[in-house]
Amino acid sequence: MSYQVNGHTIEHDEEGYITTLSDWSEELANVIAETENIDMTDEHWAVVNFLRDYYDEYQIAPAVRVLIKAIKKEMGPEKGNNKYMYELFPYGPAKQACKIAGLPKPTGCV
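Read left to right, the sequence shown gives residues 676 to 785 (my numbering).
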């Protein structure tokens, strides 16, 4: 299973998470978002970039509760809440956002 980006083949698992994290690019993120029926906005990119920074620091993709708490601390309560995050990523903020960010599936996600 793979995504096609700029003439390159990027492998992914059966759920759509890329298998080689270093293959990630903004172009790939847009392709993954399209398969998830998400039109990327600045708000989406803020979460994706936050997740990539979080992963760089902690080497783990956060579960949804941890993600929302961290977003609230970083971006404020108007963005760090379930309602806002599920509006951006309706099939699960941690799960969808991590997939788009090119990160592994978060711990605890089914």
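Beta carbons: idealized from backbone N, C-alpha and C, even for Gly.
Run the CB neighbour count on glutamine 679, radius 10 Å, all protein chains shown included, and call it buried at 16 or more, exposed below. exposed
First and last residue of the alpha helix (DSSP H) that includes threonine 710? 701-710
Beta-bridge pairing of valine 680 - partner residues as DSSP gives them: His683
Three-state secondary structure (DSSP) at isoleucine 693? strand
Using beta-carbon positions only, say whether glutamate 718 and lysine 780 come within less than 8 Å of one another. no
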